[in-house]
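>
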Amino acid sequence: MLIKGEAIRTARLRKRLSQRELAHGICAQATVCLIEKYDQNVAWDIINGLCQRLEIPAESVMSQPDDVLRRQLDRALEAFMDEDIVGCQRLLIPLADLIEADQLRAHYYTLQGLVALADGPRLDEARFRFSQALNEGAAGPHDLFRLLAQLGFGYTYFRQQALAQAGYYILAARDGISQWPSGQSWELEMQLFVLLAHAELLCAQGYWRQARVIAADGLERLNAGNSMFIMERLIFVRARAALGAGDTEQGRCELESALFIAKVRRHPHMEARINALLQTLDQSDRETE
1 MLIKGEAIRT
11 ARLRKRLSQR
21 ELAHGICAQA
31 TVCLIEKYDQ
41 NVAWDIINGL
51 CQRLEIPAES
61 VMSQPDDVLR
71 RQLDRALEAF
81 MDEDIVGCQR
91 LLIPLADLIE
101 ADQLRAHYYT
111 LQGLVALADG
121 PRLDEARFRF
131 SQALNEGAAG
141 PHDLFRLLAQ
151 LGFGYTYFRQ
161 QALAQAGYYI
171 LAARDGISQW
181 PSGQSWELEM
191 QLFVLLAHAE
201 LLCAQGYWRQ
211 ARVIAADGLE
221 RLNAGNSMFI
231 MERLIFVRAR
241 AALGAGDTEQ
251 GRCELESALF
261 IAKVRRHPHM
271 EARINALLQT
281 LDQSDRETE
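This is how it looks when you write it as structure tokens:
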């Protein structure tokens, strides 16, 4: 197993151990010296012994091959697409100090940004991570993670009501998705993310009819793909557009539909958002009676 020597040295100095003290009973002092000077392939029992003495996880000093890291990042992306934010974050935690390739770092930063955006959201952290991803090395025109970073970056601006900046990144991501070759992994999910973001942007800008058309496009794609992915969110934005256009009856009907889907899919955060809007409508009705 290839070990990162600098990581061992840093941990040893933090513990204020000499090389001899670290090596005692585990391996020769010369072995520790070589590990710290040059990344070395070391037997597992030595790695385990050194890391236990240093009180650090063995994973933190292992130099993992890019293909292993790529598979772990793909698993984290799969968890996110399954809307398992906790699972995604759990898969990312061990990778923090292991990724060296520029492209994989960009993928890691994108996923960290998505987790921050979904959790809370923590907008400043999310924007910082997306910025890191977009500035990290070159990416191809069909790079899924780069498009997610663009979309996420735009969405942080949207949540802070900076609609011009939000529109720039959201429309850039939509243009990127439109140029994807057919059959790409996560094609449907990416199309839906972009349509949802664009519909929400148009709704915030007061373009109610256009927002409803785009949300309806997303729902048609869901139906064709036999999927319920972010369905309640698309219905919710369509309901808001109906309310914005003054069609209270249609808006309320679609809110009830969105609430039902949110309950079926066990999304309490969306249930709370929908219920809050329904309560606002109820209060408005009482005031006008």
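Position 29 (the sequence shown) corresponds to 29 in UniProt numbering; numbering is contiguous.
By construction, the Cβ of each residue, glycine as well, lies at the ideal position given by its N, Cα and C atoms.
#1: Cutting at 7 angstroms between CB atoms, please list the residues of its own chain near GLU189, excluding the five before and the five after it.
#2: Does DSSP put ILE3 in a helix, a strand or coil?
#3: Where do the ends of the alpha helix (DSSP H) carrying TYR169 lie?
#4: Going straight from the alpha carbon of TYR157 to that of LEU144, what length do you get?
#5: Please classify THR110 as buried or exposed, where buried requires at least 16 neighbouring CB atoms within 10 angstroms.
#6: Can you name the start and end residues of the alpha helix (DSSP H) that THR153 belongs to?
#7: Counting beta carbon pairs with one atom in the region 192-204 and one in the region 161-173, are three or more of them shorter than 8 angstroms?
#8: Is DSSP giving MET81 helix, strand or coil here?
#9: Who does MET62 pair with in a DSSP beta bridge?
#10: What first and last residue would you give for the alpha helix (DSSP H) that runs through GLU256?
#11: Just to confirm, are residue 323 and LEU192 a CB contact at a threshold of 8 angstroms?
#12: Can you tell me which of MET231, GLN150, GLY225 puts its alpha carbon nearest to the alpha carbon of LEU259?
#13: State the CB to CB distance for the pair ALA149 and GLY113, rounded to an integer number of angstroms; the pair is presumed to be in contact (CB under 8 angstroms).
#14: Can you tell me whether DSSP reads LEU91 as helix, strand or coil?
#15: Just verifying my parser: in three-state terms, what is the DSSP assignment at ASN275?
#16: Check PHE229 in the structure and name its three-state DSSP category.
#17: Leaving out five residues before and five after CYS51 in sequence, what residues of the same chain have Cβ atoms less than 6 angstroms from its Cβ?
#18: On the DSSP letters alone, give me the boundaries of the alpha helix (DSSP H) that SER131 sits inside.
#19: Are the CB atoms of ARG233 and LEU281 nearer to each other than 8 angstroms?
#20: The alpha helix (DSSP H) with GLY113 in it runs from where to where?
#21: Thinking C-beta only, is ILE46 closer than 8 angstroms to CYS33?
#22: Closest to SER63 by C-alpha separation, out of ARG174, SER227, ALA101, would be which residue?
Inspection of the coordinates gives the following:
#1: To locate residue 189, count along the sequence shown from 1; it is residue 189. Cβ within range, chain order: MET81, PHE229.
#2: Your numbering for residue 3 matches position 3 in the sequence shown. If DSSP states are grouped into helix, strand and coil, ILE3 belongs with the strands.
#3: The residue labelled residue 169 in the question sits at position 169 within the sequence shown. Run containing TYR169: 163-178, per the alpha helix (DSSP H) assignment.
#4: For the purposes of this step, residue 157 is taken as residue 157 along the sequence shown, with counting starting at 1. For the purposes of this step, residue 144 is taken as residue 144 along the sequence shown, with counting starting at 1. Cα-Cα distance, rounded: 20 angstroms.
#5: As a first step, residue 110 must be located in the sequence shown, where it is residue number 110. So THR110 ends up on the buried side.
#6: For the purposes of this step, residue 153 is identified with residue 153 of the sequence shown, where counting begins at 1. It should be pointed out that residue 153 corresponds to Phe in this sequence rather than to Thr. Looking at the DSSP string, the run of the alpha helix (DSSP H) that includes PHE153 is 144-159.
#7: yes
#8: The residue you call residue 81 lines up with position 81 of the sequence shown. Reduced to three states, the DSSP call for MET81 is helix.
#9: Here the question's residue 62 lines up with position 62 in the sequence shown. The partner list for MET62 (beta bridge, DSSP) reads ILE3.
#10: For the purposes of this step, residue 256 is taken as the residue at position 256 of the sequence shown. It spans 248-264 - the alpha helix (DSSP H) in which GLU256 sits, taken as one unbroken run.
#11: Limits of the chain in this structure are 1 at one end and 289 at the other, which puts residue 323 out of reach.
#12: Numbered from its first residue, the sequence shown carries residue 259 at position 259. Among MET231, GLN150, GLY225, the Cα nearest to that of LEU259 is on MET231.
#13: Reading the sequence shown from its first residue, position 149 is the one you call residue 149. Reading the sequence shown from its first residue, position 113 is the one you call residue 113. With 8 angstroms as the limit, ALA149 and GLY113 qualify as a contact, their Cβ atoms being about 7 angstroms apart.
#14: Position 91 of the sequence shown, counted from the start, is the residue given in the question as residue 91. In this structure, LEU91 counts as helix in the three-state DSSP scheme.
#15: The residue labelled residue 275 in the question sits at position 275 within the sequence shown. Looking at ASN275 - three-state DSSP - the assignment turns out to be helix.
#16: Numbered from its first residue, the sequence shown carries residue 229 at position 229. Coil.
#17: For the purposes of this step, residue 51 is identified with residue 51 of the sequence shown, where counting begins at 1. Result list for CYS51: ALA58, in chain order.
#18: Taking the first residue of the sequence shown as 1, we reach residue 131 at position 131. 123-135 is the span of the alpha helix (DSSP H), which, as asked, contains SER131.
#19: Here residue 233 is taken as the residue at index 233 of the sequence shown, counted from 1. Here residue 281 is taken as the residue at index 281 of the sequence shown, counted from 1. Cβ distance not < 8 angstroms, so ARG233 and LEU281 don't count as in contact.
#20: On the sequence shown, residue 113 is found 113 positions in, with the first residue counted as 1. Its alpha helix (DSSP H) spans residues 102-118.
#21: Here residue 33 refers to the residue found at position 33 when the sequence shown is read from its first residue. Here residue 46 refers to the residue found at position 46 when the sequence shown is read from its first residue. Cβ distance not < 8 angstroms, so CYS33 and ILE46 don't count as in contact.
#22: Working through the sequence shown from its first residue, we reach residue 63 at position 63. Among ARG174, SER227, ALA101, the Cα nearest to that of SER63 is on ALA101.
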